[in-house]
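Mapped onto the working numbering, the consecutive letters of the sequence shown carry residue numbers 253 to 484.
By construction, the Cβ of each residue, glycine as well, lies at the ideal position given by its N, Cα and C atoms.
Since the model is a prediction, treat every value here as computed from it, not as a measurement.
See below for the structure under consideration.
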Amino acid sequence: MNTWTNIIFAALALGVFATTSSIPGEESEFTPLFPEDGAPKGWLVRRWDDVGKPAEPDVTWIVKDGVLHGSAKRGTWLISEREYDDFILKFEFKLGPRGNSGCALRAPLKGDPAFDGMELQMADLRYNPEAKDSELTGGIYRAIAPRRQVYKPTEWNTCEISLIGSHLRVVLNGEVIHDLDLDEQNQVVKRHDGADAPPIKDRPRKGRIGFQELSRGDERVQIRHARIKTDP
253 MNTWTNIIFA ALALGVFATT SSIPGEESEF TPLFPEDGAP KGWLVRRWDD
303 VGKPAEPDVT WIVKDGVLHG SAKRGTWLIS EREYDDFILK FEFKLGPRGN
353 SGCALRAPLK GDPAFDGMEL QMADLRYNPE AKDSELTGGI YRAIAPRRQV
403 YKPTEWNTCE ISLIGSHLRV VLNGEVIHDL DLDEQNQVVK RHDGADAPPI
453 KDRPRKGRIG FQELSRGDER VQIRHARIKT DP
């Protein structure tokens, strides 16, 4: 090889090394959300339609072998005790054929996170074949459809959510499905009872995060490698 070829290969090698070696440093800035097996500490189990109300006493979410499993009884949220404003949230999730879950973002500890905060929907098409695009995986529930549908049924899906001020960016399975200014999102959104919910632009800029269990049958949502970086 000539000198220029050697230089090019050396530069490429350095670039690859720099990229790969930076990953551990970046990940060290993230805090695991479910670091221990058992009932998650720092989290509350609440009703799916109003997180201001506790779920039934015997209803629990559980972490086993590092994987968070949704409650055996459908119709709950696992909501953080802590509030967050700006953050990057990463996790992997898996649903069954009739799976229905969601990720709550900046939700208050009252009302329905889907309408009083925000919910990134996580639902298999077979749960509701008539669902609109904004009601399928990757949608900001009933408000904003993802750019395209990249959900992998019954497989592990990787998700990264960045919420900084009014900027929302979501990467699902390596593809950007949202890159939005929340201040511009004034779509009319209907609650389940038909009443108007606040438009996205008027929803809280600080609140809880969480995960929903609304699957049918025994096909509970599974979450793993959930971690968060605050004040990015």
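CB-CB length for residue i against residue j, believed under 8 Å
{"i": "Arg507", "j": "Met370", "result": "It is not possible to answer for residue 507, since the shown part of the chain is limited to 253 through 484."}
{"i": "Val394", "j": "Lys316", "result": "The displayed chain sequence assigns Arg, not Val, to residue 394. Their Cβ separation, rounded to whole angstroms, is 32 Å, which puts Arg394 and Lys316 out of contact at 8 Å."}
Proximity below 9 Å, CB of residue i to CB of residue j
{"i": "Asn380", "j": "Asn352", "result": "yes"}
{"i": "Val440", "j": "Pro456", "result": "no"}
{"i": "Ser462", "j": "Val303", "result": "What sits at residue 462 in the sequence shown is Gly, not Ser. Taking 9 Å as the Cβ cut-off, Gly462 and Val303 qualify as a contacting pair."}
{"i": "Ile413", "j": "Leu372", "result": "yes"}
{"i": "Ala356", "j": "Arg460", "result": "yes"}
{"i": "Gln437", "j": "Trp300", "result": "no"}
Local conformation of residue i per DSSP, three classes
{"i": "Ser274", "result": "Below a pLDDT of 50, predicted positions are generally treated as unreliable, and Ser274, at 36, falls in that range; no measurement from the model is reported."}
{"i": "Lys481", "result": "strand"}
{"i": "Tyr403", "result": "coil"}
{"i": "Phe286", "result": "coil"}
{"i": "Ile475", "result": "strand"}
{"i": "Lys453", "result": "helix"}
{"i": "Tyr379", "result": "helix"}
{"i": "Ala366", "result": "helix"}
{"i": "Ser386", "result": "helix"}
{"i": "Leu347", "result": "coil"}
{"i": "Leu330", "result": "strand"}
{"i": "Asp310", "result": "coil"}
{"i": "Asp435", "result": "helix"}
Candidates the options, of which the one nearest residue i by Cα
{"i": "Ile331", "options": "Lys316, Lys342 and Asp364", "result": "Asp364"}
{"i": "Arg468", "options": "Glu407, Pro306, His430 and Leu347", "result": "Leu347"}
{"i": "Trp329", "options": "Arg350, Trp295 and Asp338", "result": "Trp295"}
{"i": "Asp483", "options": "Ile429, Asp470, Gly417 and Val297", "result": "Gly417"}
Closer than 8 Å: residue i CB and nearest the ligand FAD heavy atom
{"i": "Ala356", "result": "The model on display carries no ligand, and the ligand FAD is accordingly not part of it."}
Segment contact flag, the region 301-320 with the region 387-406, C-beta cutoff 8 Å, min 3 pairs:
no
Pair every Cβ in the region 313-332 with every Cβ in the region 421-435, then say whether three or more of these pairs are closer than 8 Å.
no
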